[in-house]
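S.K.: Protein chains in written order, with our numbering: chain A, 40 to 237; chain B, 40 to 237. All C-beta atoms, glycine included, are put in the ideal place defined by N, C-alpha and C. Treat the numbers as computed from the prediction; the structure is a model and nothing was measured.
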DNA sequence: TAGGGCATGTAATTCGTTACATGATTGC
DNA sequence: GCAATCATGTAACGAATTACATGCCCTA
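(1) Check whether the Cβ atoms of residue 52 of chain A and residue 175 of chain A lie closer than 8 angstroms to each other.
(2) For residue 161 of chain B, would you say it is in contact with chain A, using Cβ-to-Cβ distances shorter than 8 angstroms as the test?
(3) Measuring only the C-alpha atoms, how far is residue 144 of chain B from residue 147 of chain A?
(4) Chain A beta carbons: is any one of them nearer than 8 angstroms to that of residue 92 of chain B?
(5) Output yes or no for whether 8 angstroms exceeds the beta carbon distance between residue 132 of chain A and residue 179 of chain B.
(6) Closer than 8 angstroms is the cut-off here; do at least three beta carbon pairs connect the segment 71-88 of chain B with the segment 117-128 of chain B?
(7) Along chain A, which residues have their Cβ under 9 angstroms away from the Cβ of residue 66 of chain B?
(8) Could you confirm whether any beta carbon from chain A is found closer than 8 angstroms to the beta carbon of residue 113 of chain B?
(9) With a Cβ-Cβ cutoff of 8 angstroms, do residue 56 of chain A and residue 114 of chain A count as a contact?
(10) So residue 69 of chain B contacts chain A; which residues on that side make the cut at Cβ distance below 8 angstroms?
(11) Mark residue 224 of chain A as exposed unless 16 or more other C-beta atoms lie within 10 angstroms of its C-beta, in which case mark it buried.
(12) Hey, does residue 61 of chain B have any beta-carbon neighbour from chain A nearer than 8 angstroms?
(13) Pairing CB atoms from the segment 207-214 of chain B with CB atoms from the segment 209-225 of chain A, are three or more of them under 8 angstroms?
(14) For residue 76 of chain A and chain B, any beta-carbon pair shorter than 8 angstroms?
(15) Against chain B, does residue 140 of chain A count as a neighbour if the rule is that its beta carbon must be under 8 angstroms from one of theirs?
(16) When the cut-off is 8 angstroms and only beta carbons count, does residue 43 of chain A lie next to chain B?
(17) Go ahead and pull the three-state DSSP assignment for residue 55 of chain A.
(18) Residues of chain B with CB under 7 angstroms from residue 73 of chain A, in chain order?
(19) Can you say whether residue 40 of chain B is buried or exposed, counting buried as having 16 or more other CB atoms within 10 angstroms of its CB?
(20) For residue 172 of chain A, count the other beta carbons within 10 Å of its own beta carbon; 16 or more makes it buried, fewer makes it exposed. Which is it?
(21) Taking 8 angstroms as the CB-CB cut-off, is residue 214 of chain B touching chain A?
(22) Determine the DSSP secondary structure at residue 73 of chain B, reduced to helix, strand or coil.
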């Protein structure tokens, strides 16, 4: 059900089309919850059928852009979800499995995987750092819309929470980079020792 | 396909029944890749049909414990997978979504979620620390079996990689705990300031 | 006029969860 | 005799990926 709540959350700030949501859930929202258009369009339809959102066609033409707006029912359902306890999903990390069983492969293969891991998370870290800068400097468009849509006394919370969330992602990425670097370092000393012994 | 490779990986160390695998993938292996019995049993059957594993019934009775053993085909397929490049799955974190939209809720609700987050990851961290201790002291049973099943010259790699993998999980958990604590601290100062202003 | 972005959908398949279901053995 | 654990399965459903499919509008 998380996609549903992610969509509702977005719609509490502004109304949007499926296309727009698809863009957001592939980019900024996507750093927290990724979703593709083939998942979003049917979900919006279901949500409309359940009265959580309403939609109307923009322009005069019969076919084309459909804009979704959250209803009071939708807001109520979203608020209910907000206070609900989290359930922490089980861990699933294919790369960890690989690493654990890589002990019979050439060290170069291990190094390849660790370097790719580090590079991947370094790229993410760069993006998060950039976004955090935009949040703090107030140039992030979605944040400005959120601030405008919410009562001014909650401005500090709005900004602070968005920053905290992104900060969390940045910390995660940094942790992965540092871990991979530690792994690469260990691998070097480990294989050097090994060759010295022969 | 990751469950398949996780199962194959386990079977490169020792043969096992579906039940045994279910236990392992709910515990130690489960820290990297969780799976339930309703997923494991059918997958083993499919893998047998594809020649990656073979099975035989233990004991004389017709029904009962079935032990699975990896085949050469299975080993080949697993080795092929080991060197393959990783693909990094999209991010999906329902708790982050919640946090970002929690700005209209009472600070107590935010604090509740952050505390639960910290506690959850602290519990994980305790488990990982304990397991790491067992790895380093050589009392971890699965590691001993792995060492016995692999050539002695790779002993350092076997132990080192398992420790590195767990160390990665521990780092992740520690990062989450620290992040949640930072969030709670910020929340306190933020809401104190707020009330002082009135 | 061809290619790219806008805009919306569906279908097939795979992956994972939850619930249902059964029977044997072991220890209190 | 009863409860727990061992041991194996299936069915229904939901979540997510990949591929297929269509049509508009703009601009190079």
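M.R.: Looking at the coordinates:
(1) No, the Cβ-Cβ distance between residue 52 of chain A and residue 175 of chain A is not below 8 angstroms.
(2) No, its Cβ sits nowhere closer than 8 angstroms to a Cβ of chain A.
(3) 51 angstroms
(4) no
(5) no
(6) no
(7) Chain-ordered listing is empty here: chain A has no CB closer than 9 angstroms to the CB of residue 66 of chain B, the nearest sitting near 12 angstroms.
(8) no
(9) Cβ distance not < 8 angstroms, so residue 56 of chain A and residue 114 of chain A don't count as in contact.
(10) 129 and 130
(11) exposed
(12) no
(13) Judged by pairs of C-beta atoms under 8 angstroms, the segment 207-214 of chain B touches the segment 209-225 of chain A, as three or more such pairs exist.
(14) The Cβ of residue 76 of chain A sits no closer than 8 angstroms to any Cβ of chain B.
(15) Yes, its Cβ sits closer than 8 angstroms to a Cβ of chain B.
(16) Not an interface residue.
(17) strand
(18) Chain-ordered, the chain B residues with CB closer than 7 angstroms to the CB of residue 73 of chain A read 129, 130 and 131.
(19) It is exposed - the Cβ of residue 40 of chain B has fewer than 16 other Cβ atoms within 10 Å.
(20) exposed
(21) yes
(22) coil
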